[in-house]
Every structure is written in C-alpha cells, then in structure tokens.
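Chemist:
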Amino acid sequence: MGGNGKHRWKISFYHRHNSSSSPKHSETQTPPEFLCPISGSLMFDPVVVPSGQSFDRISIQVCRDLGFTPTLPDGSIPDFSTTIPNLAIKTTILTWCRDHHTQDPTPLDYTSVEKIVRSKIQHQSPSTLTSAPDIRISERELLKAVAENPPVLFSHAATEIGPRVNNNLYCSTSSSSDESVIITANSPHTPLPLATRPACFSTSGSSSSSIEITESEINPNFQSSSSSSSSPEEQELFLQLKSSDIYEQETGLISLRKITRTKEEARVSLCSPRLLSTLRSLIISRYNVVQTNAIASLVNLSLEKSNKVLILRSGFVPLLIDVLKAGSSEAQEHAAGALFSLALEDENKMAIGVLGALQPLLHALRSDSERTRHDSALALYHLSLIQSNRVKLVKLGAVSTLLSMVKSGDSASRVLLILCNIAASTEGKSAMLDANAVAILVGMLRESELVPEATRENCVAALFALSHGSMRFKGLAKEARAMEVLREVEERGSQRAKEKAIRILQMMRGREEEEDEEIDWEGALDAGGLSRSRYRAGRDVFGANSTNF
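Position 136 of the sequence shown, counted from 1, bears residue number 136 in the UniProt record's numbering, the numbering being contiguous throughout.
#1: Which residue wins for smallest C-alpha separation from Cys36, given the options Asn86, Ser81, Met432?
#2: Taking the DSSP output, what are the residues bridged to Pro46?
#3: So if DSSP puts Leu35 in a beta bridge, which residue, or which two residues, is it bridged to?
#4: Applying the 10 Å Cβ sphere with the 16-neighbour rule, what's the burial state of Pro232?
#5: Rounded to whole angstroms, how far is the Cβ of Gly315 from the Cβ of Arg280, which I believe are closer than 8 Å?
#6: Would you tell me roughly how many angstroms separate the C-alpha atoms of Ile321 and Pro360, rounded to the nearest one?
#7: For Arg261, count neighbouring Cβ atoms within 10 angstroms of its own Cβ and tell me buried if that reaches 16, exposed if not.
#8: Give the DSSP bridge partners of Ile84, in chain order.
#9: Can you say whether His101 is buried or exposed, counting buried as having 16 or more other CB atoms within 10 angstroms of its CB?
#10: Would you tell me roughly how many angstroms separate the C-alpha atoms of Gly493 and His382, rounded to the nearest one?
#11: Hey, how far is the Cα of Ala331 from the Cα of Ile254?
#12: Using the C-alpha atoms, what's the distance from Ala294 back to Ala497?
#13: Based on Cα-Cα distance, which residue from His123, Gln61, Arg481 lies nearest to Glu508?
#14: Taking Arg118 as the reference, which of Thr106, Ser81, Ile93, Pro70 has the closest Cα?
#15: Output yes or no for whether 7 Å exceeds the beta carbon distance between Ala351 and Val299.
#16: Determine contact between the segment 383-390 and the segment 414-425, defined as no fewer than three beta-carbon pairs at a distance below 8 Å.
#17: Counting only the same chain and skipping the five closest in sequence on each side, list residues whose C-beta sits under 6 Å from that of Met444.
#18: Output needed for Val399: all residues of its chain with C-beta closer than 6 Å, excluding positions within five of it in sequence on either side, in chain order.
#19: Can you tell which of Pro78, Ile77, Arg197 has its C-alpha closest to the C-alpha of Ser376?
#20: Could you please give me the residues that DSSP links to Phe464 through a beta bridge?
#21: Look at the alpha carbon of Phe34 and the alpha carbon of Glu345, and state the distance between them as a whole number of angstroms.
#22: Is it buried or exposed for Ala326, if we count other Cβ within 10 angstroms and need 16 for buried?
#23: So, are the CB atoms of Ala454 and Ser413 less than 7 Å apart?
#24: Let me confirm a value: Gln103 is counted as buried when at least 16 other C-beta atoms fall within 10 Å, else exposed. Which label applies?
#25: Could you check what DSSP says for Cys200 in three-state terms: helix, strand or coil?
#26: Note the first and the last residue of the continuous alpha helix (DSSP H) segment covering Ala424.
#27: Among residues of its own chain, excluding the 5 on either side of Ser277, which ones have a beta-carbon nearer than 6 Å to its beta-carbon?
#28: Within a Cβ cutoff of 7 Å, which residues of the same chain sit near Ser425, ignoring the five residues on either side of it in sequence?
#29: I want to see whether chain D comes within less than 7 Å of Phe316, judged by CB atoms only; does it?
#30: Give a yes or no on whether the C-beta atoms belonging to Asp56 and Ser39 are separated by under 7 Å.
#31: Entirely within the segment 245-293 and at least 4 residues each: give me those alpha helix (DSSP H) ranges in chain order.
#32: Under DSSP, the alpha helix (DSSP H) around His374 begins and ends at which residues?
#33: Under three-state DSSP, which class holds Ile386?
#34: Only counting the same chain, and skipping five residues up and downstream in sequence, which positions put a Cβ closer than 7 Å to that of Leu94?
#35: Determine, using beta carbons only, whether Ser41 and Val48 come nearer to each other than 7 Å.
#36: With Glu491 as the anchor, note down where its alpha helix (DSSP H) starts and where it stops.
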C-alpha cells in the first residue's frame, strides 16, 4: 500500500511536469504587467520609476531624449526623473517565459521605439511635453484619474479594531494581543495586524471648518466653468508653504497639520498636486521644524485611502528614505509612519521595496524611538506580504537580524510578524531553517514565564509557517524537543496558540504514521517473496532516479 502510494505520486508528478508542455500553455495571454506601457512589448530590461510604474529602460531613454512624458491608459503621468532596475519583475518574466515555452524577451532597437514614441506624441496633447517643468496640468490629470477610478484597496482586515487614543494625544500602538497573529485554517500566512495607523499620528488638535476645493484650484491657471478662484483656506496654505520666509512656512505647515489631523474631507481636498509639490520641497528643508512638520502633514494626508497611490506616484518615497537614514529623531518617526501608511496599499508594496526602503526600515527596527521601531516593523510586515519583498529581505540578510532581535526580546512580537511572512516563501523558509529558527522559537516558548502571551502566540505562528510543506522541519523540531513544548501550549496556551499548536502536532504525528506504514510495507514485500536486500537495492535505484528527476 505504501509503496504503491509512493509510485502513484511519482507518476502523477511526472505527468504534471510534462503537462506544462501542452499547447494551451503557449497560447496563454501575456500578463499585462509584463508589457512595457510605452512599447507594448515584453520588457527586456524593466526599471521602476519614482511614481511606481515599470517600463523597459529603452522606452524611458527615448522619452527623455524627445522631452516627452506619456499619459498612461489609467490617466496617470509617470515620473522619469530616476530609474531603478526592477529585478523582481525581470525574474518573474523569465520564469513565466520558461514555464509557458515562450521566447525570452529581446531588446528593442532605439529606432523602433522612437517611432512608437513619436506616434504617441502626435496623438497626445502637447501639454504633457516635459520642456516646461513648471506645468502642473499633468498632475491635475493624475489627481482627476485617481478620484474617478480609485484603486481597490485591501488595507483593512474584516476583524480590524480601530486604534485607541491615549492621554498624550497620540494614537497608541496596538496592544500585545492586537499584534498577535491569526492564521486561517487553510493558509499558513498571517493576516494584517490590527494597527492601521502610524504611531506618530496624532488625533487631537483644534478643529477647523471643512475645506473644499474644486478642480480649478489644482492649477492656478486652470479655469472652471463653475468657479474661477481657489478656496481661501487652500490658497492661503499654498501661499504660506510657497513663501521664502521660514516662519511663514512653519505657520502654514502647522495649520495644514492641524486641519488634516481629524478632517477626513480635508485630507482628500488638500492632497492636490500643487500642495504635494510644495511639500516635497519642504521635506528636504535644512530647517528641522519645517522638515518634521512637512512629513507629519504627509502622514495625515496618507491616512486617506484614495491618497496613498497618488502620494507614492508624486515621488515622496525616496525623500522619506533619506529622512529615515539621516533625519532627526522626530522626523524619522514620521518618515517611518508615512512608509507604514503607504505600505498598507497593495499597489504600493512592490514600488516601495524596489525604491530601496527595506534596508533603512530594517535598520530603524533598532532605533531609540519606540514609535520609529513600531511603524518600521509594521511597514516591513505589510511590505513582506508580497513575494518580491520577501526575497529581497532574505538577500539583505534580514533573517539573522530579525532572529537576533527575537532572542534579545527587542520588539519580539512585531518582529515575529515579519518572520511569519518571510517563512511563507521558499527562500525565506530555507534561510530561517538554516539560521536555527526552530530552536530559537522553541526556546522562547520554554521561557513561558518571561515571554508575553502575544509573543508566545506569534512564536507558535512562526513555527506553523515553517512546518507548512517542509520536510526538514520535523527533524529540526525533534532536535529542539518541540513536541513537549507544543503539548504544553495545547494544554495551557491561548485559544489562538492552541489551534496552531494542535495543527503542528497533527502534522508531525501524521508523518510518524507515514514512516510506520513504510516499515510495514517492507515487511509485506518480504512476506511476498522479495528479499529485503533486493528491495533495498531497488529502493536505492528509485531514490537515485528521484534525485536526478
């Protein structure tokens, strides 16, 4: 029975492997994200720009040479100021081509791309040419496109608990139980943590009247049929932020920060291209008060779901990364909070990772500021929900860094959330098993009196993520004597921890039963007239074939 089962599995695997060569796979439509938005061809050298989109490098080069910025099908205007190689999507494209027996992408010649771009220039409004850097109509169109076609957001779990406000007027961090992991019955992955606002976000302040602006206010030169002037509040803020007087800048930023603190409608109306453009220049100010209040205002604006993609595409992420590396302590708190808030949007996750935020966020986990540590951890948690960022974290050596923090107890509960996500990838799981993660996690569970319940829950969750689909886990768990610890969790742990511990124990016991069946199978073969030596020789050959296969 056991042997036939294994043999059937082998044949089934072989059939599945060869089925990929069937003609229907080669006819599969190319995923649109693999195509350059300008040339329409499979990207040979994909790069990501600060506004978050990916293009073939040659297409951006031609657009720069011709002084042209295209309007994309979704109405957005890309930012070609900087390009970063998008190795994640390049690898994905090559893997897709190999799996579907499609020729790898080939580089396009400059002349053919130039013809495509010139054709687009002829069919597109001259207002999008980049010869005049002061033109803001492209940003107005981007805001209009986002307002009319808001992306589908998944930033909130169905079981979310709203953040509590404490006495010091700041949004408190989630309680330890809020940060614990819930794993569904059908998936080893962790859901979103319950905190969805940065720790630096303040919910208190003087209220102000509702601010409303119209399309005409986005560009001072744009005239609407219904209105020819900006609202007094928006106009006053813009003039203050644009002033060369530092005191005026500070006053305007404090006002903007207060207005956007509690007024949701103000967050939408004031997230206009000209105010965002002004905020960009103030974030790089050498005056600490100006920089800090500018980033704090950006955090408030980013809390509105419809603003998250627009802010990322306005080029703020590289500026926030620079602040996280070299800004003041308070500015770093707000920068980490802004990255956390932007990372809640699925559409932003890959771009934030490609633009280089992962390494500074990892470093910020050891910051002296609790708020910086809190928001950096949750930013990394959300960013590690996608495969490309998990692989990047493994390559950055994040596993050993995070495990050392778990051992020392530094933000252990939140760090374990990130490790749970990393363990969901093959590369991450292998790196964690190599780094002795099983023994470390089991060791923490043994120190039940010293470890908070939320941390214990997340330890069990991480062990469950490592056990899922791993043949190495059982041996390492046996060496660490995990079963006795898990039995104790099964008896005395919280309900969440119990559920995960039971599933790990069932998995380990199930594999033991499979091994017992294999021994009985050998006996059955001997009873059937085959010598044990002949069976072992046959099994060795079969095993060798399995390895080569």
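Note that CB positions come from ideal geometry on N, CA and C, so glycine has one too.
As the structure is a computational prediction, the values presented were derived from the model and not from experiment.
Modeler: Answer, in terms of the structure:
#1: What you label residue 36 is simply residue 36 of the sequence shown in a count that begins at 1. Per the Cα distances, Asn86.
#2: Looking up residue 46 in the sequence shown gives position 46. According to DSSP, Pro46 bridges with Asp56.
#3: Start at 1 with the first residue of the sequence shown, and residue 35 comes out as number 35. For Leu35, which the question treats as bridged, DSSP gives the partners Leu42.
#4: Translated into positions along the sequence shown, residue 232 becomes position 232. So Pro232 counts as exposed.
#5: The count along the sequence shown starts at 1 and reaches residue 315 at position 315. The count along the sequence shown starts at 1 and reaches residue 280 at position 280. Contact holds; Cβ gap of about 7 Å.
#6: Working through the sequence shown from its first residue, we reach residue 321 at position 321. Working through the sequence shown from its first residue, we reach residue 360 at position 360. C-alpha separation (whole angstroms): 7 Å.
#7: Translated into the one-based positions of the sequence shown, residue 261 becomes position 261. Result: buried.
#8: Looking up residue 84 in the sequence shown gives position 84. Bridge partners of Ile84: Val48.
#9: As a working note, residue 101 is residue 101 in the sequence shown. Looking at its Cβ environment, which holds fewer than 16 other Cβ atoms inside 10 Å, His101 is exposed.
#10: As a position in the sequence shown, residue 493 is number 493, starting the count at 1. As a position in the sequence shown, residue 382 is number 382, starting the count at 1. Taking the straight line from one Cα to the other gives about 27 Å.
#11: For the purposes of this step, residue 331 is taken as the residue at position 331 of the sequence shown. For the purposes of this step, residue 254 is taken as the residue at position 254 of the sequence shown. Taking the straight line joining both Cα atoms gives about 15 Å.
#12: For the purposes of this step, residue 497 is taken as residue 497 along the sequence shown, with counting starting at 1. For the purposes of this step, residue 294 is taken as residue 294 along the sequence shown, with counting starting at 1. So the alpha carbons of these two residues sit roughly 42 Å apart.
#13: Residue numbering aside, residue 508 sits at position 508 when the sequence shown is read from its first letter. Position check: residue 508 holds Met in this sequence, whereas Glu was assumed. Ranking His123, Gln61, Arg481 by Cα distance to Met508 puts Arg481 first.
#14: Here residue 118 corresponds to residue number 118 of the sequence shown, with the count starting at 1. Residue Pro70 is the option with its Cα nearest to Arg118.
#15: Against the sequence shown, residue 351 aligns to sequence position 351. Against the sequence shown, residue 299 aligns to sequence position 299. Cβ distance not < 7 Å, so Ala351 and Val299 don't count as in contact.
#16: yes
#17: The residue you call residue 444 lines up with position 444 of the sequence shown. For Met444, where only same-chain residues beyond five positions count, the Cβ hits under 6 Å are Val451, Cys459.
#18: Here the question's residue 399 lines up with position 399 in the sequence shown. Counting only Cβ-Cβ distances below 6 Å, and skipping sequence neighbours, we find Ala431, Met432, Ala435.
#19: As a first step, residue 376 is located in the sequence shown; it is residue number 376 there, counting from the start. When only C-alpha atoms are compared, the closest one is Arg197.
#20: The residue given as residue 464 occupies position 464 in the sequence shown. According to DSSP, Phe464 bridges with nothing at all.
#21: Here residue 34 corresponds to residue number 34 of the sequence shown, with the count starting at 1. Here residue 345 corresponds to residue number 345 of the sequence shown, with the count starting at 1. The straight-line gap from Cα to Cα measures roughly 21 Å.
#22: Counted from its first residue, the sequence shown places residue 326 at position 326. Per the 10 Å Cβ criterion, exposed.
#23: If you number the sequence shown from 1, residue 454 lands on position 454. If you number the sequence shown from 1, residue 413 lands on position 413. Yes. Within cutoff.
#24: Position 103 of the sequence shown, counted from the start, is the residue given in the question as residue 103. Burial call: exposed.
#25: Translated into the one-based positions of the sequence shown, residue 200 becomes position 200. Coil.
#26: Within the sequence shown, residue 424 is the residue found at index 424, counting from 1. Here Ala424 belongs to no alpha helix (DSSP H), and DSSP marks it neither H nor E.
#27: As a position in the sequence shown, residue 277 is number 277, starting the count at 1. Same-chain partners within the cutoff: there are none.
#28: Numbered from 1 along the sequence shown, position 425 holds the residue referred to as residue 425. Counting only Cβ-Cβ distances below 7 Å, and skipping sequence neighbours, we find Gln387, Arg390, Val391.
#29: The chain labelled as chain D is not found in the depicted structure, where only one protein chain is given.
#30: As a first step, residue 56 must be located in the sequence shown, where it is residue number 56. As a first step, residue 39 must be located in the sequence shown, where it is residue number 39. Cβ distance < 7 Å, so Asp56 and Ser39 count as in contact.
#31: 246-262, 264-269, 273-283
#32: On the sequence shown, residue 374 is found 374 positions in, with the first residue counted as 1. Start and end: 370-383.
#33: Here residue 386 refers to the residue found at position 386 when the sequence shown is read from its first residue. Three-state DSSP puts Ile386 in coil, outside helix and strand.
#34: Your numbering for residue 94 matches position 94 in the sequence shown. Once the five neighbours on either side are set aside, the close Cβ partners of Leu94 are Asp104.
#35: Locating residue 41 in the sequence shown gives position 41, counting from the first residue. Locating residue 48 in the sequence shown gives position 48, counting from the first residue. Not closer than 7 Å, so no.
#36: Within the sequence shown, numbered from 1, the residue matching residue 491 stands at position 491. Counting along the chain, the alpha helix (DSSP H) containing Glu491 begins and ends at 482-492.
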